[in-house]
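Using my numbering, the final residue of the sequence shown is 668, and nothing's skipped along the way. Data block below; observations after.
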Amino acid sequence: MGRRLLVLLFGAASLLLAQGTFALSTPQEPKVMYLTFDDGPNPLFTPIVLRILEEYGARATFFPTGRTLRVFWDDEEVQDLLDRGHAVGSHSWAHSQLPTLTPEDLEDALVRANGTLERRTGFTPTCLRPPYGVTDQAVERTLERMNLTLVGWDADPAEWSNPPVEEALAHIEKWERDGMVILFHDRKWQTLEILRAVLEEYEQEGWTFAPLPQCLTGGSMAARQQTRSPGDGPIGGLEVLQFDAVGGEQVLGGWAYDADSPEGGLEIFLNLDGEPTAYGRTGADHRFEVRAPAGTPGPVCLWAGNSGRQREDAFLGCHAGRRG
């Protein structure tokens, strides 16, 4: 069902389905879509999802369960997700229906999930999607006390049940609005086909795909840097991508940090024509601004070079260019 939030009213022994209750708190930016993925990470499907998103310069928000995250991903994988410009939120510890838990077990499920994310990212998540979309007043009071914003969805194509691509697209189109939130799961083959179809159709119509604002953590640059030690790979993020009408260039700004070069000076590489080229370096504050010719077909991909021992560079994602 689309636009849903399930609220259990135990006093009335009933189940209330309230459509659009908390997905509509998302900013209704014109032609901006928020793609979200629950229940990961999956060692097979999540990397493929990330690759498909990069093909379209799309950003998304991921809601892993703490238990699954602990098993499959360490800090390097989560930092890579953030490097690419995606956001991450909590999906609780073990995917239990939160209203069925005792107050003590609810607190434990949220604290354990938060801690698992914080150890990998350096910061506490700011948003939570309740498993099954089920919540109640007691859960919401606990979330408010823990500074976790409740996140729902507008359209759920139920791709986990393997619907035809056309059926999934029709469902999404039914709930289409500016700032719409789509629920996916990064653990099924059909997700990949439906995701690609959504990106293809809506990109052609001029839509962009962004991480949920309520899941972006202010100050995460400093927090993420504190997770790095000499010998670790670099990390970073793109913060600005805009078009300079005067110079006819795309301006890309962000940050990159390598604990092996605390003074800065990391090379920033862009790939505009199939050949990575250095366009600038980070300053002493670990920030960068580089300019690239506009009109490059496809997304702009960038990396921060590794200055320590031979390891991978930090891939800062492929991003769809913006003008104006």
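Using N, Cα and C, we set each Cβ at its ideal position, and we do this for glycine too.
Under the DSSP assignment, TRP504 falls outside any beta strand (DSSP E); it carries neither an H nor an E label. For ALA622, the number of other beta carbons within 10 angstroms of its own is below 16, and it is reported as exposed.
Note on GLY580: 16 or more other CB atoms within 10 angstroms of its CB, so buried under the neighbour-count rule. If you draw a straight line from the Cα of ASP617 to the Cα of GLU545, it is about 25 Å long. The region 586-605 makes contact with the region 630-647: 3 or more CB pairs, one atom from each, lie closer than 8 Å. The C-alpha of LEU585 lies about 21 Å from the C-alpha of ALA628.
Beta-carbon to beta-carbon, PHE406 and LEU425 are separated by about 7 Å, close enough to satisfy the 8 Å threshold.
Straight through space, the alpha carbons of ASP500 and SER605 are spaced by roughly 45 Å.
Look at HIS663 here: in three-state DSSP terms it is strand. For ALA402, there is no enclosing beta strand (DSSP E), as DSSP gives it neither H nor E. Per DSSP, the unbroken alpha helix (DSSP H) holding THR465 starts and ends at 447-465. CA-to-CA, the gap between GLY624 and TYR601 works out to about 14 Å. Here THR621 is bridged, per DSSP, to LEU614.
Sixteen is the threshold: when 16 or more other Cβ atoms of the shown chains lie within 10 Å of the Cβ of SER436, as they do, the residue is buried. Residue environment for TYR378: buried (at least 16 other C-beta atoms within 10 angstroms of its C-beta).
Sequence-distant partners of VAL495 (beyond 5 residues in either direction) whose C-beta falls short of 6 Å from its own C-beta, in its chain, are CYS471 and ARG473. Two segments are said to touch when three or more pairs of C-beta atoms, one from each, lie closer than 8 Å; by this definition the region 383-394 does not touch the region 554-563.
Annotation: the continuous beta strand (DSSP E) that includes THR380 extends over 376-382. The count of Cβ pairs closer than 8 Å, one atom from the region 394-403 and one from the region 528-547, reaches three, so the stretches are in contact. Here the alpha carbons of ASP383 and ARG456 stand approximately 16 Å from one another. For TRP647, the uninterrupted beta strand (DSSP E) run begins and ends at 644-648, by DSSP. Residue VAL644 holds the alpha-carbon nearest to the alpha-carbon of PHE587 among THR412, GLY477, VAL644 and ASP576. Residue range 533-548 is occupied by the alpha helix (DSSP H) that includes LEU536. Per DSSP, GLY580 is one residue of the beta strand (DSSP E) stretching across 579-588. Listed as beta-bridge partners of GLN594 by DSSP are PHE587 and ALA636. Check the Cα spacing between MET490 and each of LEU450, TRP599 and PRO443: the tightest is with LEU450. Counting only the Cα atoms, ILE526 lies some 6 Å from TRP497. PRO578 and LEU610 do touch by the CB rule: their CB atoms are close to 6 Å apart, below 8 Å.
The residues ARG403, ALA404, THR405, PHE406 and PRO555, in chain order, have a CB closer than 7 Å to that of HIS430 in the same chain once the five nearest residues on each side in sequence are set aside. With a threshold of 16 other beta carbon atoms within 10 Å, GLN481 falls short and is exposed.
Straight-line measurement puts the Cα of ASP419 at about 9 Å from the Cα of LEU461.
With a beta-carbon spacing of about 17 Å, PRO475 and SER505 fall beyond the 8 Å limit used to define contacts. Here the alpha carbons of ALA438 and ARG411 stand approximately 6 Å from one another.
For ALA658, the number of other beta carbons within 10 angstroms of its own is at least 16, and it is reported as buried. With contacts defined by Cβ atoms closer than 8 Å, GLY661 and ASP427 form a contacting pair.
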